[in-house]
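Novice:
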Amino acid sequence: MTRERHPARATGVPAVKALITVASLAGVLAGWAFLSAPPPATALSVASTGATAQTAPPPAWLLSEPQIPTLPPVATVRSLPAAATPPLIASNAAPAVGQATSAGLPGASAVQPAPITVTRSSR
Amino acid sequence: MLTHTFRAMGSQILAVIEAPVAIAQPALAGLREVFASWEAILSRFRPDSELSLLNNSQREWLAVSPTLAEVIALALRGAAMTGGLVTPLVLEALEHAGYDRDFTRIADGALPAAALPVHPVADWRCISVDPLHGSVSRPSGMRLDLGGVAKGWAAERAARLIAHHGPALVDVGGDIAVSGPRRDGAAWPIGVQDPRGGADPLAVLLIASGGVATSGRDYRRWRQGHVERHHIIDPRAGVPAETDLLSVTVVARSVTDAEIAAKAALILGSVAGLSWLHARPWLAGLLVRDDGAVLHTPTLESFLWKRA
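And the structure:
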């Protein structure tokens, strides 16, 4: 099979090939450069050998001592915070106990139930 | 309904159970022995009780029975609840005030006059208890008194014991625990004794759960020389509380809480005591002042019997 040759194609192809080749070589060279560059840490440690380490200061939130609660021993009763002292208020005079109130309230009945027993200071 | 009364722990005991007689009778009869076993552990008046042995020991750490550990833990809880107002460390103060023997053996007026040392009792926070392993730790020689919680604890335990057989109520010297509502679903009617000497109850409370307790200086009081003393020690001064309250009755979700709270309020007096109770809506209090005034927290309303 006979193929005709065009003069323009004959001129452009080598240029394209050259362009691709150059681009590929550039990519390879860039990759070599990236992989060859030393990591920052390594550079620091190398630089600090035999000298004081130059590290960045810790963040402010780490500077204060962390509050680690003391774990109580298992099953030991520990003291609890004391209840806050309540403010003094005027005493409330109680309504007379046993007086008539609105009907229908729980615990309301016409006849006072006979107590089963009586609460009193220790007898 | 069957009832059983006897004396134990220096108090009159009443146990009530709503169950068939054949079941209730043995349940109630067994309680006397149960209380005797508790007294053998918790009484400060018996030299051979476990508490007395602990108090006489110079060791700082001791192994104790589960019962003693439990009641000491309850006493410490009471101290924590009240900021130290109700503390197990009032024994020395009680003895100085003349309460160094069973109350029935105190001959009123026969005790010689004595000036009481005024200083705070020891800090309860130096005691620790491990109920799981049954041990108590406290400074060597520190002595405990469990009178502030023992009766309520016993009432609660006893009610729980017999409640297997039916609705139950146990009254230990006025500290009363109920196992729940009565068989018909109604609450137990419980009178509040008038500390001013009236024959009728001051009020009738309807209690369906938890318990009620009263602390007062109207009964356990005596004279040391010509000075009147009573058994509620103010730990801030180490002497019987100087309070304007004759008695305080508290209803709470447990009779042990009620017992502790009643003592705290009595020590604080009518103004601070009412305020202290008011700040704790899970407690309902009725306070009787020595001028005859009767005060109560709003929360008591839901327990008061009222005429329809």
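Going down the list, the sequences are from chains P and G.
Here the first sequence is numbered in this note's numbering, starting from 130 and rising by one per residue.
Here the second sequence is numbered in this note's numbering, starting from 2 and rising by one per residue.
From the three backbone atoms N, C-alpha and C, an ideal C-beta is built for every residue, glycine too.
1) Given that a residue counts as buried once 16 or more other Cβ atoms are within 10 Å of its Cβ, and exposed if not, what is residue 25 of chain G?
2) Could you pull out every residue in the same chain whose Cβ sits closer than 6 Å to the Cβ of residue 65 of chain G, ignoring the five residues on either side in sequence?
3) Please confirm whether residue 174 of chain G and residue 59 of chain G have their CB atoms less than 8 Å apart.
4) Among G/188, G/11, G/123, G/200, which residue has its Cα nearest to the Cα of residue 93 of chain G?
5) Buried or exposed: which applies to residue 180 of chain P, given that a residue is buried once 16 or more other Cβ atoms fall within 10 Å of its Cβ?
6) Let me make sure I understand the geometry here. Which of G/5, G/293, G/248, G/21 has the alpha-carbon closest to that of residue 14 of chain G?
7) Using a 10 Å radius around the Cβ and a threshold of 16 neighbouring Cβ atoms, would you call residue 49 of chain G buried or exposed?
8) Go through the region 43 to 70 of chain G residue by residue and report every complete run of the beta strand (DSSP E) that reaches 3 residues or more, in order.
9) Between the region 240 to 252 of chain G and the region 189 to 201 of chain G, do three or more beta carbon pairs fall short of 8 Å?
10) Can you pull the chain P neighbours of residue 172 of chain G, defined as C-beta to C-beta under 9 Å?
11) Kindly say whether residue 308 of chain G, judged by its beta-carbon, lies nearer than 8 Å to any beta-carbon of chain P.
12) Which partner residues does residue 307 of chain G have in the DSSP bridge list?
13) How many Å lie between residue 273 of chain G and residue 297 of chain G at the Cα?
14) Which of helix, strand or coil does DSSP assign to residue 243 of chain P?
15) If contacts are defined as beta-carbon pairs under 8 Å, then residue 140 of chain G and residue 127 of chain G qualify, I think. What distance do you get, rounded to the angstrom?
16) Using 10 angstroms around the beta-carbon of residue 231 of chain G, count the other beta-carbons present and answer buried if the total reaches 16, otherwise exposed.
17) Measure the beta-carbon distance from residue 149 of chain G to residue 264 of chain G and round it to whole angstroms, keeping in mind my assumption that it falls under 8 Å.
18) Could you pull out every residue in the same chain whose Cβ sits closer than 7 Å to the Cβ of residue 114 of chain G, ignoring the five residues on either side in sequence?
19) Could you name each continuous beta strand (DSSP E) segment of 3 residues or more that falls completely within the region 88 to 127 of chain G, going from the start of the chain to the end?
20) Would a check of beta-carbon distances place residue 250 of chain G closer than 8 Å to chain P?
21) Could you tell me which chain P residues have their CB closer than 9 Å to the CB of residue 196 of chain G, listed as they occur along the chain?
22) Using only alpha-carbon positions, find the residue among G/83, G/82, G/256 that is nearest to residue 210 of chain G.
23) Does any residue of chain P bring its CB to less than 8 Å from the CB of residue 139 of chain G?
24) Relative to chain P, which residues along the region 212 to 228 of chain G have a C-beta separation below 7 Å, given in chain order?
25) When the cut-off is 8 Å and only beta carbons count, does residue 189 of chain G lie next to chain P?
26) Using 8 Å as the limit for Cβ to Cβ distance, is residue 205 of chain G near chain P?
27) Say whether chain P places a C-beta atom closer than 8 Å to the C-beta of residue 17 of chain G.
28) Closer than 8 Å by C-beta to residue 121 of chain G: which residues in its own chain qualify, once you throw out the five before and the five after it? Chain order, please.
29) Less than 8 Å between CB atoms is the rule here; does residue 305 of chain G satisfy it with respect to chain P?
30) Is there a Cβ from chain P that is less than 8 Å from the Cβ of residue 152 of chain G?
31) Decide if residue 18 of chain G is buried, meaning its Cβ has at least 16 other Cβ atoms within 10 Å, or exposed.
32) Shortest alpha-carbon distance to residue 329 of chain G belongs to which of G/253, G/164, G/10, G/270?
33) Where residue 102 of chain G and residue 46 of chain G are concerned, what is the direct C-alpha to C-alpha distance, given to the nearest angstrom?
34) Interface residues of chain P around residue 48 of chain G at Cβ under 9 Å?
Specialist: Reading from the atomic positions:
1) Along the second sequence, one-based indexing puts residue 25 of chain G at 24. With 16 or more other Cβ atoms within 10 Å, it is buried.
2) The count along the second sequence starts at 1 and reaches residue 65 of chain G at position 64. So the qualifying residues of the chain are 135, 137.
3) Here residue 174 of chain G is taken as the residue at index 173 of the second sequence, counted from 1. Here residue 59 of chain G is taken as the residue at index 58 of the second sequence, counted from 1. For residue 174 of chain G and residue 59 of chain G, no; Cβs fall outside 8 Å.
4) The residue you call residue 93 of chain G lines up with position 92 of the second sequence. Among G/188, G/11, G/123, G/200, the Cα nearest to that of residue 93 of chain G belongs to G/123.
5) Taking the first sequence and counting its residues from 1, the one referred to as residue 180 of chain P is at position 51. Confidence at residue 180 of chain P is low in this model, with a pLDDT of 42, below 50, so its placement is unreliable and no value can be given for it.
6) Working through the second sequence from its first residue, we reach residue 14 of chain G at position 13. For the residues G/5, G/293, G/248, G/21, the minimum Cα distance to residue 14 of chain G belongs to G/5.
7) Sequence index remark: in the second sequence, residue 49 of chain G carries index 48 (1-based). Exposed is the call here.
8) 62 to 64
9) yes
10) Counted from its first residue, the second sequence places residue 172 of chain G at position 171. The contacting residues are 245, 246, 247, 248.
11) Taking the first residue of the second sequence as 1, we reach residue 308 of chain G at position 307. Closer than 8 Å to some Cβ of chain P, the Cβ of residue 308 of chain G qualifies, so yes.
12) In the second sequence, counting from the first residue as 1, residue 307 of chain G sits at position 306. Answer is P/237.
13) The sequence position of residue 273 of chain G within the second sequence is 272, counting from 1. The sequence position of residue 297 of chain G within the second sequence is 296, counting from 1. Rounded to the nearest angstrom, the two C-alpha atoms are 13 Å apart.
14) Taking the first residue of the first sequence as position 1, residue 243 of chain P is located at position 114. Residue state, collapsed to three classes: coil.
15) Position 139 of the second sequence, counted from the start, is the residue given in the question as residue 140 of chain G. Position 126 of the second sequence, counted from the start, is the residue given in the question as residue 127 of chain G. About 6 Å; that satisfies the 8 Å criterion.
16) For the purposes of this step, residue 231 of chain G is identified with residue 230 of the second sequence, where counting begins at 1. With 16 or more other Cβ atoms within 10 Å, it is buried.
17) Walking along the second sequence from the start, residue 149 of chain G turns up at place 148. Walking along the second sequence from the start, residue 264 of chain G turns up at place 263. Contact flag correct, Cβ pair sits at about 6 Å.
18) On the second sequence, position 113 is the one that residue 114 of chain G refers to. Excluding residues within five positions, the ones whose Cβ falls inside 7 Å are 225, 226, 227, 228.
19) none
20) Translated into the one-based positions of the second sequence, residue 250 of chain G becomes position 249. For residue 250 of chain G, the answer is yes, since a Cβ of chain P falls inside 8 Å of its Cβ.
21) Mapped onto the second sequence, residue 196 of chain G falls at position 195. Result: 249, 250.
22) The residue given as residue 210 of chain G occupies position 209 in the second sequence. Here the closest residue by C-alpha is G/256.
23) Reading the second sequence from its first residue, position 138 is the one you call residue 139 of chain G. Not an interface residue.
24) 213, 214, 215, 216, 217, 219, 220, 221
25) Here residue 189 of chain G refers to the residue found at position 188 when the second sequence is read from its first residue. Closer than 8 Å to some Cβ of chain P, the Cβ of residue 189 of chain G qualifies, so yes.
26) By one-based count along the second sequence, residue 205 of chain G stands at place 204. For residue 205 of chain G, the answer is yes, since a Cβ of chain P falls inside 8 Å of its Cβ.
27) The count along the second sequence starts at 1 and reaches residue 17 of chain G at position 16. Interface residue, yes.
28) Sequence index remark: in the second sequence, residue 121 of chain G carries index 120 (1-based). For residue 121 of chain G, where only same-chain residues beyond five positions count, the Cβ hits under 8 Å are 236, 237, 238, 239.
29) Counting from one through the second sequence, the residue named residue 305 of chain G turns up at place 304. Yes, residue 305 of chain G counts as interfacial toward chain P.
30) Here residue 152 of chain G is taken as the residue at index 151 of the second sequence, counted from 1. Yes, contact with chain P.
31) As a first step, residue 18 of chain G is located in the second sequence; it is residue number 17 there, counting from the start. Buried, since its Cβ has 16 or more Cβ neighbours within 10 Å.
32) Chain G is shown only over 2 to 309; residue 329 of chain G falls outside these bounds and no answer can be derived.
33) Here residue 102 of chain G refers to the residue found at position 101 of the second sequence. Here residue 46 of chain G refers to the residue found at position 45 of the second sequence. C-alpha separation (whole angstroms): 6 Å.
34) To locate residue 48 of chain G, count along the second sequence from 1; it is residue 47. Those within 9 Å of residue 48 of chain G in chain P number zero; the least Cβ separation is about 22 Å.
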